[in-house]
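Trainee: Chains as they are written, first to last, in numbering that gives the first Met the number 0: chain A, 0 to 338; chain B, 0 to 338. Positions of the beta carbon are idealized from the N, C-alpha and C atoms, including for glycine. Predicted model, so just to flag it, every value in this text is computed and none were measured.
There are 2 protein chains.
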Amino acid sequence: MVSDRGLDVLRVIVQDYVASREPVGSKSIVDRHSFGVSAATIRNDMALLEEEQLIAAPHTSSGRIPTDKGYRVFVDHLADLRPLTPAQRQAIETFLGHSADLDEVLVRSVRLLSQLTHQVALVQYPSLSRAKVRHVEFVPLTETRILSVLITDSGGVEQRVIDLPYALDEQTLGEVRARLNVAVVGLGMAEASAALAASIWPGSPALQPIVNLITSTLADQIGEGRQDKLVMAGAANLVRTEDDFSGSIYPVLEAIEEQVVLLRLFGEMETDQHGVSVSIGRENAAFGLPEASVLTSGYTANGNLARLGVLGPTRMDYSNNMAAVRAVARYLSRLLGET
Amino acid sequence: MVSDRGLDVLRVIVQDYVASREPVGSKSIVDRHSFGVSAATIRNDMALLEEEQLIAAPHTSSGRIPTDKGYRVFVDHLADLRPLTPAQRQAIETFLGHSADLDEVLVRSVRLLSQLTHQVALVQYPSLSRAKVRHVEFVPLTETRILSVLITDSGGVEQRVIDLPYALDEQTLGEVRARLNVAVVGLGMAEASAALAASIWPGSPALQPIVNLITSTLADQIGEGRQDKLVMAGAANLVRTEDDFSGSIYPVLEAIEEQVVLLRLFGEMETDQHGVSVSIGRENAAFGLPEASVLTSGYTANGNLARLGVLGPTRMDYSNNMAAVRAVARYLSRLLGET
DNA sequence: ATTGGCAGTCAGCGGATGCGAGTGCCAACG
DNA sequence: CGTTGGCACTCGCATCCGCTGACTGCCAAT
């Protein structure tokens with residue numbers, strides 16, 4: 000069984016390897032850390048750690064590097080959530096201090112997070128489930144195409160194009176707009192959606208199909224929200240850490256641009272309210288990211304949930320990055336929560 | 000002086016080098032192309048081309064590669080704008096065929112362009128200068144913060160947060176909204192801006208400052224437009240072409256994410272209406288991109304101008320990419336032009 | 001359980017070597 | 001004068017070799 004000192008050894012192996020990018024040997028451990036025992040003793044501990052598959056040697060007679068399992072133990076039991084430095088706190092303040100609309104805040108947040116962690120940062124748009132409809136607007140684009148704009152009380156703006164089967168004159172459209180606004184403004188998304196489904200147009204029956212089309216699109220727009228949208232920043236950081244990926248980072252960047260994969264990944268990560276969830280290396284193999292780690296945390300905007308986090312090579316500074324993810328998530332919740 | 004055959008030699012050097020990524024020698028030229036002369040003759044031509052700085056030898060006794068100047072001559076005089084393949088035309092149709100709002104169309108376009116060219120694609124948001132105000136909406140976020148939303152007839156939606164010096168009750172806000180809508184709806188951006196500047200609030204003079212703040216923000220929102228926004232896709236392609244950059248591609252990716260630099264670059268490129276402008280290698284040195292080429296073309300959305308294009312290593316397939324950029328720009332103009 | 005010692009392993013480095021692609025130059029030819 | 005074949009020369013590149021240094025694994029002693 001691995002002793003307490005053995006776990007300490009694992010910790011310093013992770014720390015040193017993350018810092019130096021070089022396999023760490025028994026000698027360098029006793030040199031850099033005061034364990035009070037000899038290198039040979041450390042070697043015995045390392046042999047045990049290797050038996051437990053927590054560390055591995057890239058080549059015979061080389062130092063050891065942590066395995067995915069080793070990182071997992073480190074993250075779960077050994078990592079000290081290093082508090083942010085004053086400089087980092089300062090950065091958060093100055094970055095997010097100004098007032099801005101939702102889009103702007105999210106873009107700033109994701110940039111901030113990528114700067115704090117030196118990794119690719121990702122922020123998911125908050126769902127609209129708890130938001131309330133503030134206004135509905137229809138803008139004719141052509142005779143048979145209208146733009147439907149939905150404004151929520153949390154400051155979000157959703158738009159959607161509707162193709163009509165035949166032309167709709169401006170006046171009728173005005174009536175539809177007025178009636179629908181009366182019907183849904185002030186309601187929560189779920190209620191609004193229900194209200195729309197139930198609504199029947201009292202005027203000319205000929206209009207009913209077209210109104211149905213509009214209301215169903217609107218209902219769809221309301222229901223779906225935009226949790227399928229993701230903001231990204233810091234792709235350049237992935238290039239910087241290129242050497243930590245055995246193959247090319249091409250597929251990784253592709254997955255990130257694809258977004259779909261990441262949204263699934265976000266969705267499947269544990270959602271313990273304010274903790275940081277970590278998914279390491281091969282745990283992400285199903286998503287085509289067997290050499291990457293993903294740290295996420297939930298945040299709330301007006302009671303609406305979403306996630307944010309970072310993605311990077313397995314070999315990353317978990318302590319610092321987990322702290323940064325948590326800090327930004329909290330700050331963002333605070334910033335967007337004040338209704 | 001460089002002969003006609005000399006220029007032909009330059010052309011095949013560019014083509015072969017772009018295709019093979021290897022310096023091309025006199026022998027391989029006579030092998031792959033039927034010049035009807037011997038390798039020695041080609042060598043003489045190449046010596047002239049080298050004198051003119053159109054090609055260079057990476058190492059003594061190696062084949063030649065085009066210089067920036069060589070690419071320039073190629074693009075200006077030698078490139079045949081290869082028409083798109085049927086498959087490519089097909090791709091454009093299926094990609095942009097569906098109806099969608101502006102955001103969606105631009106995102107699809109940029110992805111399409113990156114797929115057609117295998118490079119990083121960029122699309123600038125169209126200006127609002129020719130658009131007309133369709134609706135103005137104010138949404139209270141907190142007691143002293145409101146969200147101003149501007150909807151244009153081209154289907155664009157602009158939002159901005161306004162910080163008020165003191166609270167504004169809902170009813171007053173409603174009045175302001177109603178009056179401002181009457182004042183600007185249907186006007187072009189310039190007129191609307193002017194109308195706002197001239198507007199004086201007839202009610203309580205105590206409200207004048209706050210109304211001024213709102214109108215000036217709105218005017219600002221109208222005036223500035225969003226030409227400072229850029230959509231990007233295909234960053235992964237940059238990784239694929241990494242070897243074509245002598246140093247790291249880190250600064251390149253950084254510049255792309257920064258956007259500011261690229262917007263300046265876009266702005267300074269020739270704006271001949273429907274042609275494709277090309278900026279090669281060191282011509283972009285001022286923008287920190289001395290090893291990259293940028294191809295752009297203008298497009299119009301409802302009479303509003305913007306640019307789109309691709310960015311990649313100097314060693315790229317100019318013929319194909321120029322054709323793709325032009326095709327997408329034209330298609331997009333057509334798609335967004337129908338008002 | 002811990003330690004010092006010792007043999008064994010292997011990646012990385014630097015220098016030597018050979019190969020081959022490609023050039024530059026020149027003399028000859030039509 | 002443009003073109004051609006020939007030839008010597010240059011280098012980049014891959015390969016090989018031997019050395020060195022860092023580590024490990026094991027063992028016997030404490």
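My guess is that A:Glu136 and A:Arg176 are in contact by the Cβ rule of under 8 Å, so how many angstroms apart are they, rounded?
Mentor: As a first step, residue 136 of chain A is located in the first sequence; it is residue number 137 there, counting from the start. As a first step, residue 176 of chain A is located in the first sequence; it is residue number 177 there, counting from the start. Contact flag correct, Cβ pair sits at about 7 Å.
Trainee: Kindly list, in the order they appear in chain A, the residues whose Cβ is closer than 7 Å to that of B:Arg133.
Mentor: One-based indexing of the second sequence puts residue 133 of chain B at position 134. What B:Arg133 touches in chain A: Val138.
Trainee: Evaluate contact between the stretch 77 to 97 of chain A and the stretch 110 to 124 of chain A, counting only Cβ atoms and requiring at least three cross-stretch pairs below 8 Å.
Mentor: These segments touch.
Trainee: Give the interface partners of B:Val148 over in chain A, defined as CB-CB distance under 7 Å, in chain order.
Mentor: As a working mapping, residue 148 of chain B is identified with position 149 in the second sequence. Those within 7 Å of B:Val148 in chain A are Ile150, Val156.
Trainee: Less than 8 Å between the beta carbons of B:Asp152 and A:Val160, yes or no?
Mentor: As a first step, residue 152 of chain B must be located in the second sequence, where it is residue number 153. As a first step, residue 160 of chain A must be located in the first sequence, where it is residue number 161. Result no, Cβ atoms of B:Asp152 and A:Val160 do not sit closer than 8 Å.
Trainee: B:Ile279 CB to nearest chain A CB: under 8 Å?
Mentor: As a first step, residue 279 of chain B must be located in the second sequence, where it is residue number 280. Not closer than 8 Å to any Cβ of chain A, the Cβ of B:Ile279 fails to qualify, so no.
Trainee: Kindly indicate which three-state DSSP category B:Ser292 falls into: helix, strand or coil?
Mentor: The sequence position of residue 292 of chain B within the second sequence is 293, counting from 1. Strand, per DSSP.
Trainee: Whole angstroms are fine: how far does the CA of B:Leu48 sit from the CA of B:Ala56?
Mentor: Within the second sequence, the letter at position 57 stands for residue 56 of chain B. Within the second sequence, the letter at position 49 stands for residue 48 of chain B. Their Cα atoms are separated by approximately 11 Å.
Trainee: Within 10 Å of its beta-carbon, does A:Glu256 have 16 or more other beta-carbons around it, so buried, or fewer, so exposed?
Mentor: Here residue 256 of chain A is taken as the residue at index 257 of the first sequence, counted from 1. With 16 or more other Cβ atoms within 10 Å, it is buried.
Trainee: With DSSP run on the structure shown, which of helix, strand or coil describes B:Thr299?
Mentor: Within the second sequence, numbered from 1, the residue matching residue 299 of chain B stands at position 300. Correct three-state label for B:Thr299: strand.
Trainee: Would you say B:Tyr298 lies against chain A (beta-carbon separation less than 8 Å)?
Mentor: Taking the first residue of the second sequence as 1, we reach residue 298 of chain B at position 299. No, its Cβ sits nowhere closer than 8 Å to a Cβ of chain A.
Trainee: Using three-state DSSP, classify A:Asp79 as helix, strand or coil.
Mentor: For the purposes of this step, residue 79 of chain A is taken as the residue at position 80 of the first sequence. In this structure, A:Asp79 counts as coil in the three-state DSSP scheme.
Trainee: Need the endpoints of the beta strand (DSSP E) that A:Met231 sits in, please.
Mentor: For the purposes of this step, residue 231 of chain A is taken as residue 232 along the first sequence, with counting starting at 1. Taken as a continuous stretch (DSSP letters only), the beta strand (DSSP E) holding A:Met231 covers 229 to 232.
Trainee: Quick one: using the 10 Å Cβ neighbour count with 16 as the cut-off for buried, is B:His134 buried or exposed?
Mentor: Counted from its first residue, the second sequence places residue 134 of chain B at position 135. By the neighbour-count rule (16 or more Cβ atoms within 10 Å), B:His134 is buried.
Trainee: Classify B:Arg306 as buried or exposed, calling it buried when 16 or more other Cβ atoms lie within 10 Å of its own Cβ.
Mentor: As a working mapping, residue 306 of chain B is identified with position 307 in the second sequence. Its Cβ being crowded by 16 or more others within 10 Å, B:Arg306 is buried.
Trainee: Determine the DSSP secondary structure at B:Ser153, reduced to helix, strand or coil.
Mentor: Translated into the one-based positions of the second sequence, residue 153 of chain B becomes position 154. Correct three-state label for B:Ser153: coil.
Trainee: Should A:Gln158 be labelled buried (16 or more other beta-carbon atoms within 10 Å of its own) or exposed?
Mentor: Numbered from its first residue, the first sequence carries residue 158 of chain A at position 159. The residue in question, A:Gln158, is buried, as its Cβ has 16 or more Cβ neighbours within 10 Å.
Trainee: Among B:Ala300, B:Ala291, B:Leu331, which has the Cα closest to the Cα of B:Tyr340?
Mentor: Residue numbering for chain B in the displayed model covers 0 to 338; residue 340 of chain B lies beyond these limits and cannot be assessed.
Trainee: Applying the 10 Å Cβ sphere with the 16-neighbour rule, what's the burial state of A:Thr338?
Mentor: Locating residue 338 of chain A in the first sequence gives position 339, where the first residue counts as 1. For A:Thr338, the predicted structure reports a pLDDT of 44, less than 50, and the residue's modelled location is therefore unreliable. A value from the coordinates is still provided. Exposed, by the Cβ-count rule.
Trainee: Taking the alpha carbon of B:Leu6 as the point to measure from, which residue in B:Tyr249, B:Asp30, B:Gly280, B:Lys68 has its own alpha carbon closest?
Mentor: Indexing the second sequence from 1 puts residue 6 of chain B at position 7. Checking every option, the nearest Cα to that of B:Leu6 belongs to B:Lys68.
Trainee: Taking 8 Å as the CB-CB limit, is B:Asp100 close to chain A?
Mentor: Against the second sequence, residue 100 of chain B aligns to sequence position 101. Chain A contact via Cβ: present.
Trainee: Roughly how many angstroms lie between the CA atoms of A:Ile145 and A:Leu172, to the nearest whole one?
Mentor: Along the first sequence, one-based indexing puts residue 145 of chain A at 146. Along the first sequence, one-based indexing puts residue 172 of chain A at 173. Using only the alpha carbons, I get a separation of about 9 Å.
Trainee: Could you list which residues in chain B have their beta carbon closer than 9 Å to that of A:Ala323, in chain order?
Mentor: The residue labelled residue 323 of chain A in the question sits at position 324 within the first sequence. Simply none; closest approach about 19 Å.
Trainee: Would DSSP call B:Ile12 helix, strand or coil?
Mentor: For this step, residue 12 of chain B is matched to residue 13 along the second sequence. In the structure shown, B:Ile12 sits in a helix (DSSP, three-state: H, G or I).
Trainee: Tell me the residue span of the alpha helix (DSSP H) that contains B:Val183.
Mentor: Along the second sequence, one-based indexing puts residue 183 of chain B at 184. First-last of the alpha helix (DSSP H) with B:Val183: 169 to 183.
Trainee: Any residues in the stretch 249 to 263 of chain B with a beta carbon nearer than 7 Å to a beta carbon of chain A? Which ones, in chain order?
Mentor: From the stretch 249 to 263 of chain B, only Tyr249, Leu252, Glu253, Glu256 have a Cβ closer than 7 Å to chain A.
Trainee: CB-CB under 8 Å to A:Phe73, same chain, minus the five flanking residues each way: which ones, in chain order?
Mentor: To locate residue 73 of chain A, count along the first sequence from 1; it is residue 74. Excluding positions up to five away in sequence, the list reads Leu9, Arg10, Val13, Pro65, Tyr317.
Trainee: If you draw a straight line from the alpha carbon of A:Ile279 to that of B:Arg110, how long is it in whole angstroms?
Mentor: The count along the first sequence starts at 1 and reaches residue 279 of chain A at position 280. The count along the second sequence starts at 1 and reaches residue 110 of chain B at position 111. Computed Cα separation, rounded: 30 Å.
Trainee: With a threshold of 8 Å on Cβ separation, who are the neighbours of A:Ala254 within its own chain once the five nearest residues in sequence on each side are excluded?
Mentor: Here residue 254 of chain A corresponds to residue number 255 of the first sequence, with the count starting at 1. Only Val260, Leu261, Phe286, Gly287, Leu288 meet the Cβ criterion.
Trainee: So, helix, strand or coil for B:Glu103, using DSSP?
Mentor: Your numbering for residue 103 of chain B matches position 104 in the second sequence. Three-state result, B:Glu103: helix.
Trainee: Which residues, in chain order, does the stretch 207 to 236 of chain A contribute to contact with chain B at a C-beta distance below 7 Å?
Mentor: Here the close residues are Ala232, Ala234, Ala235.
Trainee: Any beta carbon of chain B sitting closer than 8 Å to that of A:Val119?
Mentor: The residue you call residue 119 of chain A lines up with position 120 of the first sequence. It does not: the Cβ of A:Val119 has no partner Cβ on chain B nearer than 8 Å.
Trainee: A:Ala130 by DSSP, collapsed to three states: which one?
Mentor: On the first sequence, residue 130 of chain A is found 131 positions in, with the first residue counted as 1. Coil at A:Ala130, not helix or strand.
Trainee: Please go through the stretch 41 to 73 of chain A and give each complete alpha helix (DSSP H) segment of 4 or more residues, from N-terminal end onward.
Mentor: For the stretch 41 to 73 of chain A, whole alpha helix (DSSP H) runs of length 4 or above, ordered along the chain, are 67 to 72.
Trainee: Where does the unbroken alpha helix (DSSP H) through A:Gln118 begin, and where does it stop?
Mentor: Counting from one through the first sequence, the residue named residue 118 of chain A turns up at place 119. Counting along the chain, A:Gln118 falls outside any alpha helix (DSSP H), and DSSP gives it neither H nor E.
Trainee: Can you give me the Cβ contacts of B:Asp3 inside the same chain, cut-off strictly under 8 Å, excluding the 5 residues immediately before and after it?
Mentor: By one-based count along the second sequence, residue 3 of chain B stands at place 4. Nothing meets the Cβ criterion.
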